[in-house]
Amino acid sequence: MRDLTLAITIKEYEVIVLCPNQPGLRCYEVQDGIKIFRFPYWFTRTGQLLNKKGGIIPSITQSPLAIFQLFLFSACQLLFAFKIAKNEKIDLIHSHWIIPQGLIGAAISFFTGIPHILSIHGTDIHIIHSYRIAYPWMRVIAKYSDHITSNSQHTYKRIRRILPNKIINIIPMGIHPEEYSIIQRHNKEKKILFVGRLIGWKGVEYLIKAQQIIQNKSSLCVQLNIIGDGPDKEKLIELSQRLKILSHISFLGRITRDSLLHYYSNADVFVLPSIIHNNQTEGLGVVLLEAMASGVPVIGSNIGGIPDIIEDGVNGLLVSPGDPQGLADAIIQILENPELAARFREAGLKTVRDRFSWDKISDQFIEVYQEVLHESNEV
1 MRDLTLAITI KEYEVIVLCP NQPGLRCYEV QDGIKIFRFP YWFTRTGQLL NKKGGIIPSI
61 TQSPLAIFQL FLFSACQLLF AFKIAKNEKI DLIHSHWIIP QGLIGAAISF FTGIPHILSI
121 HGTDIHIIHS YRIAYPWMRV IAKYSDHITS NSQHTYKRIR RILPNKIINI IPMGIHPEEY
181 SIIQRHNKEK KILFVGRLIG WKGVEYLIKA QQIIQNKSSL CVQLNIIGDG PDKEKLIELS
241 QRLKILSHIS FLGRITRDSL LHYYSNADVF VLPSIIHNNQ TEGLGVVLLE AMASGVPVIG
301 SNIGGIPDII EDGVNGLLVS PGDPQGLADA IIQILENPEL AARFREAGLK TVRDRFSWDK
361 ISDQFIEVYQ EVLHESNEV
C-alpha cells in the first residue's frame with residue numbers, strides 16, 4: 001500500500017495511514033509526507049501474531065491465540081481510527097480488505113458521516129464466499145461504503161454475487177516499472193522463475209511436475225528458481241526429491257528486494273501456476289507485472305485475475321490450471337522460440353507501462369475520491 005499512498009501524496013493529497021505496530025517501528029512518524037500511525041493490539045509487540053506468518057489469514061489458521069488477537073486487533077484499530085478521524089479532520093476513509101478494515105471503515109462512516117471507500121483484493125471475498133454466515137456482514141459493510149473497488153474481473157464477479165446492485169470499479173494494484181532492470185540474457189542454462197507464497201492455491205507442485213517433464217522430454221538445460229516461503233515448502237521439497245529433480249530446482253526462500261530484482265532480470269521465463277484450492281485463487285498476480293517490467297516472458301494459469309494481465313498469445317501464455325503438461329509445453333515453446341519470447345517481452349513492457357503503473361492506477365483512485373467527495377458535498 002505504500003506505493004499507492006506515495007503516488008497519491010505526490011498528486012497533492014494528504015494521506016494518513018493507520019496500520020498495526022511491529023517490533024522496531026515507531027508508533028507515529030512521517031515518511032515522504034505521509035503521516036503513519038501504528039496501533040498496538042497485544043501486551044508486547046513481539047507477542048503480536050497477526051503480522052507474522054504471512055499475514056492475518058495464515059496466522060489465524062495456525063494459532064487459536066491469533067484468533068483471539070484478531071478481536072483485540074479490530075477493537076484497537078477502531079479506537080485509533082476514531083481518534084484520528086476526530087483529530088485530523090479526515091475528509092475520506094479508504095479501507096483495504098473487507099475484514100476487519102472494511103468493517104471498521106464502515107463503522108466510522110456510520111458514526112461520523114465521513115464517506116468511505118472499500119477496496120477488495122480477492123482473498124477477502126473468497127473467504128466471505130466460504131462462509132455464508134458472513135454474507136449479512138458483507139452487506140452491512142457495503143451499505144456504509146460509498147464506493148467499492150475490486151482488483152480484477154474475477155474479484156468483481158465474486159463481489160457481484162453478494163452485492164448485485166452496488167457500484168463497483170475495477171482498479172488493480174500496480175508497480176513502478178522504472179524500478180526494474182531489463183538486460184540481454186545469454187543463459188546457457190535456461191532459468192524458470194516463480195515468486196510467491198508456498199501455499200496450496202499457488203499451484204507450485206504442478207510447476208515442479210512440469211520441470212520433471214522438461215528434464216525428461218526436452219534437450220533444454222533448465223533450472224527452476226522458487227522464491228518465497230510458506231507451509232507447503234517441505235512438501236514441495238519432498239516432491240522434488242521423489243521426482244529426482246531436486247538438483248534442477250532451487251528453493252531460495254525469502255530474499256531481499258535487491259536479490260529479487262536480480263532474479264527477475266536473469267530469468268528466461270516467469271510462471272504463475274495458480275489453481276483453485278479451498279475456494280481461494282489468484283486475485284490478480286502482481287508478480288506477473290514485476291516480471292513483465294523486467295522484460296521476462298510470462299506464463300500463467302487461466303484462472304482468477306491472471307487473465308486481466310495476460311492476453312494469451314499476445315503478451316504471454318495462459319494454460320489450464322493444474323496441468324503440468326500444459327505448463328511444460330508453454331515453457332518449452334517460449335524457451336525454444338527466441339522471436340516469440342522477444343515479442344512477449346515487448347508486449348509485456350507495454351502492458352505494464354500503459355495499464356499498471358502506479359501513476360495511472362493512482363489517477364483512477366483519485367477519480368473515485370473526487371466523485372465520492374462531490375456526491376458527499378451535495379447531500
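Note that the UniProt record's numbering has the sequence shown beginning at 1, numbered continuously upward. The C-beta atom is built at its ideal place from N, Cα and C for all residues, glycine as well. Every value quoted in this text rests on a predicted model; they were computed, and no experiment measured them.
Would you call the stretch 332-348 in contact with the stretch 232-245, where contact means no fewer than 3 C-beta pairs closer than 8 Å?
As far as the Cβ criterion goes, the stretch 332-348 does not touch the stretch 232-245, which means the pair count is below three.
Is residue 308 buried or exposed, if buried means 16 or more other CB atoms sit within 10 Å of its CB?
buried
Excluding the 5 residues preceding and the 5 following residue 286 in the sequence, name in chain order all residues of the same chain whose CB lies nearer than 6 Å to its CB.
Excluding the 5 residues flanking it on each side, residue 286 has same chain C-beta neighbours closer than 6 Å at 173, in chain order.
Is residue 159 closer than 9 Å to residue 166 when the C-beta atoms are compared?
Their beta carbons are under 9 Å apart, which means residue 166 touches residue 159 by this criterion.
Under the rule that 16 or more other beta-carbon atoms within 10 Å means buried, what is residue 241, buried or exposed?
exposed
Report the partner residues of residue 312 according to the DSSP bridge assignment.
316
Could you have a look at residue 31 and say whether DSSP puts it in helix, strand or coil?
strand
Assuming residue 287 is part of the alpha helix (DSSP H), what are its boundary residues?
286-293
Would the beta-carbon of residue 4 fall within 9 Å of that of residue 365?
yes
First and last residue of the uninterrupted alpha helix (DSSP H) at residue 5:
Annotation for residue 5: the continuous alpha helix (DSSP H) segment containing it runs 2-10.
If you check the beta carbons only, do residue 215 and residue 222 fall under 9 Å apart?
yes
Buried versus exposed, by CB contacts within 10 Å (16 or more), residue 370
exposed
What residues are listed by DSSP as bridge partners for residue 223?
DSSP links residue 223 through a beta bridge to 191.
Look up residue 149 in the DSSP assignment and say whether it is helix, strand or coil.
strand
Out of 99, 38, 194 and 372, which one is the CA nearest neighbour of residue 23?
38
Nearest neighbour of residue 178, chosen from 291, 268 and 104 [CA to CA]:
291
Between residue 108 and residue 85, which are expected to be in contact by the criterion C-beta below 8 Å, what is the C-beta distance as a whole number of angstroms?
6 Å
Exposed or buried, residue 315, counting other C-beta atoms within 10 Å across all chains shown (16 or more means buried)?
buried
Quick check on the DSSP output: the beta strand (DSSP E) that includes residue 253 runs from which residue to which?
That run of the beta strand (DSSP E) goes 249-253.
Is it a yes or a no for the stretch 263-283 touching the stretch 309-329, going by three-plus beta-carbon pairs under 8 Å?
yes
Using DSSP's beta-bridge definition, name the partner residues of residue 118.
95 and 148
Just to confirm, is the Cβ distance from residue 36 to residue 28 under 9 Å?
yes
Can you find the residues in the same chain that come closer than 8 Å, C-beta to C-beta, to residue 341, ignoring five residues on each side of it along the sequence?
268, 269, 297, 334 and 335
Report all residues from its chain with a CB closer than 8 Å to the CB of residue 373; omit the five preceding and five following residues, and keep chain order.
For residue 373, where only same-chain residues beyond five positions count, the Cβ hits under 8 Å are 91, 92 and 115.
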